[in-house]
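Chains as they are written, first to last, in the working numbering: chain E, 1 to 239; chain W, 1 to 239.
Data block below; observations after.
Structure representation (structure tokens):
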């Protein structure tokens, strides 16, 4: 059985303007690979409702599971929850379970649960809450979409809550070999290797170091014996 | 006149598997903002032809200009040029102008222009070459799509070649203010500010520092006087 497929949707003008360098994509990619889920596509869109709704619908229909990052805070530019509801035609309002979490938290910390903070309790009908041990305001899962915060510490905590609920496949194993020759010199044998091992993914990542060319060859697959055999043949070829 | 809109397509299994952290998106985002081009969407797809072709068609149709990164080297997994040709129904083969660039380069450096390296001279009919001062193998522009290498030093050199050919709008100006209060405390006045300045984009980026909450408020727009006025009002409100 093939591994489940996944997509990620990053919501945030700050990434697209170059102000912030996204960190969540790289984190999620690594976690999914370990868990045996194949991340097949990432999209980054701006804080505009039509763009978010369209991307949620497209990704939710095309992949087994979708993760979103960003846009669930208390300010006017946090519109992700409402967009998810719209994408699935679900009703959304402040929900009692989420409100209770926030009320307890703000009472305990002596701050006011004002109208802005109550926005963080807007959860679509039918969604399950995702625990936020960092700052309490929850994420949620609706259909096959998991909606998480953009702040990296919160995002990572939410991924840790959600991943165990997803049935992964065999983790992708990988081995790599550094070859200190230009890609053009190794491309022929590398293509033959890829043909001999059709179940493996063989990638070549070139670099330049002190003026000399080289490439890191990465061989990935879920069958460890095949990965071992391919890397052994690669070593022999370029020994 | 609104600024031209742009999208980026990052091609690479190594990003989606978490092996490599993409650097080109953040670089391009910053350069486009300075140049007055609005980056509206980024997609990351794997090294699979149907995914690349579909993304090129979708983005090319939806935005004024598209930039791709990755997949134009000499190895078997470098299929971007052929996918771009397919997306536009263009014929593709080794082209004389690109072959001449490579032949000169490899002759000068005493290396062989073998079949693998010749793959880097595969350029669709009708495309203009993009100069590669780092490692010679060119990128190309076809219709509104600019096809560039994934290696960051080469990508950046190609962006420097392409950007002057694109008519940008007014650069996006931004000012930011750090407010050491939780987003929930400032969201109300911030929403009112956004309504008072509908032409500006007002973003709130929360952080936690030594256990205390704060947010960086970023105000962006192409009219400097408006940005100044909005940031002044923000300062007053939270002084």
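Don't be surprised by glycine CBs; every beta carbon is placed ideally from N, CA and C.
Helix, strand or coil at residue 151(E) according to DSSP, with G and I counted as helix: DSSP, reduced to helix, strand and coil, places residue 151(E) outside both helices and strands of the structure shown, so it counts as coil.
Roughly how many angstroms separate the alpha carbons of residue 27(W) and residue 143(W), rounded to a whole number? Looking at the two C-alpha atoms, the distance is approximately 23 Å.
Contact test: residue 47(W) Cβ vs the ligand FMN heavy atom, cutoff 6 Å: Inclusion of the ligand FMN in the displayed structure is not the case, the ligand content being empty and no account of it being possible.
Mind checking who residue 83(E) pairs with in its DSSP beta bridge? For residue 83(E), which the question treats as bridged, DSSP gives no partner whatsoever.
Cβ pair residue 201(E), residue 181(E) closer than 7 Å: In this structure, residue 181(E) does not lie closer than 7 Å to residue 201(E) by Cβ.
Considering only DSSP beta bridges, list what residue 170(W) is partnered with. DSSP, once it has assigned bridges, lists no residue as partnering residue 170(W).
Run of the beta strand (DSSP E) containing residue 72(E), from where it starts to where it stops: No beta strand (DSSP E) contains residue 72(E), which DSSP labels as neither H nor E.
DSSP three-state label for residue 136(W), please. Looking at residue 136(W) - three-state DSSP - the assignment turns out to be coil, as it is neither helix nor strand.
Does DSSP classify residue 26(E) as helix, strand or coil? In this structure, DSSP gives residue 26(E) a helical state, which the three-state scheme calls helix.
Suppose you measure from the CA of residue 86(W) to the CA of residue 53(W); what does that come to, to the nearest Å? Whole-angstrom Cα-Cα distance: 7 Å.
Please report the Cβ distance between residue 217(E) and residue 179(E), rounded to the nearest whole angstrom; I am assuming they are in contact, meaning their Cβ atoms lie under 8 Å. Sure, about 6 Å apart at Cβ, within 8 Å.
Residue 158(W), buried or exposed, once every other Cβ within 10 Å from all chains shown has been counted against 16: Within a 10 Å sphere around the beta-carbon of residue 158(W) sit 16 or more other beta-carbons, which makes this residue buried.
According to DSSP, simplified to helix, strand and coil, what is residue 47(E)? Looking at residue 47(E) - three-state DSSP - the assignment turns out to be coil, as it is neither helix nor strand.
Within its chain, find whatever has a CB closer than 6 Å to the CB of residue 175(E); leave out the 5 residues flanking it on each side and keep chain order. Same-chain partners within the cutoff: 219, 227, 231.
Look up residue 14(W) in the DSSP assignment and say whether it is helix, strand or coil. Helix, per DSSP.
Based on DSSP bridge pairs, tell me the residues matched to residue 7(W). Bridge partners of residue 7(W): 41(W), 66(W).
Straight-line CA distance for residue 222(E) to residue 24(W)? Within the model, the alpha-carbon separation for residue 222(E) versus residue 24(W) is close to 29 Å.
Do residue 80(W) and residue 183(E) have their beta-carbon atoms positioned less than 7 Å apart in this structure? Contact: no.
CB contact flag (residue 69(W), residue 148(W), <7 Å): A contact, by the Cβ cut-off of 7 Å.
Nearest residue (CA-CA) to residue 211(E), options 150(W), 91(W), 135(W): A check of alpha carbon separations from residue 211(E) across 150(W), 91(W), 135(W) identifies 135(W) as the nearest.
For the beta strand (DSSP E) containing residue 129(W), list its first residue and its last residue. Taken as a continuous stretch (DSSP letters only), the beta strand (DSSP E) holding residue 129(W) covers 128–130.
For residue 203(E) versus residue 14(W), is the C-beta spacing smaller than 7 Å? Contact flag set, yes.
In angstroms with no decimal places, state the Cα-to-Cα distance between residue 213(W) and residue 118(W). The C-alpha of residue 213(W) lies about 56 Å from the C-alpha of residue 118(W).
On the three-state DSSP scale, how would you describe residue 89(W)? If DSSP states are grouped into helix, strand and coil, residue 89(W) belongs with coil.
Flag residue 63(W) as yes if its beta-carbon sits less than 7 Å from any beta-carbon of chain E, otherwise no. Closer than 7 Å to the CB of residue 63(W) there is not a single CB belonging to chain E.
Residue 95(E) - DSSP class collapsed to helix/strand/coil: In this structure, residue 95(E) counts as coil in the three-state DSSP scheme.
Chain W contact residues for residue 69(E), given Cβ-Cβ distances below 8 Å: Under the 8 Å cutoff, chain W gives no residues; its nearest Cβ is about 13 Å from residue 69(E).
Output the boundary residues of the beta strand (DSSP E) element that contains residue 221(W). 212–221 is the extent of the beta strand (DSSP E) around residue 221(W).
Give me the Cβ distance between residue 56(W) and residue 145(W), rounded to the nearest whole Å; I'm assuming they're in contact under 8 Å. Right, the Cβ-Cβ distance comes to about 6 Å (below 8 Å), so this counts as a contact.
Return the residue from the list 189(W), 45(W), 11(W), 88(W) that minimises the CA-CA distance to residue 116(E). Measuring from the Cα of residue 116(E), the nearest candidate turns out to be 189(W).
Against chain A, which members of the segment 163–174 of chain E pass a CB distance test of less than 9 Å? The structure shown contains no chain A; its protein chains are E and W.
Nonlocal neighbours in the same chain, by C-beta distance under 6 Å from residue 163(W), ignoring five residues either side: The residues 35, in chain order, have a CB closer than 6 Å to that of residue 163(W) in the same chain once the five nearest residues on each side in sequence are set aside.
What is the residue span of the alpha helix (DSSP H) that residue 122(E) lies within? The continuous stretches of alpha helix (DSSP H) do not include residue 122(E), which lies in the beta strand (DSSP E) extending over residues 122–124.
Which residues, in order along the segment 66–90 of chain W, keep a beta-carbon less than 9 Å from a beta-carbon of chain E? Listed in sequence order: 73, 74, 75, 76, 77, 78.
So for residue 110(W), helix, strand or coil by DSSP? Residue 110(W) sits in coil when the DSSP states are folded into three classes, being neither helix nor strand.
Step through the CB atoms of chain E and report whether any lies within less than 7 Å of the CB of residue 16(W). It does: the Cβ of residue 16(W) has a partner Cβ on chain E nearer than 7 Å.
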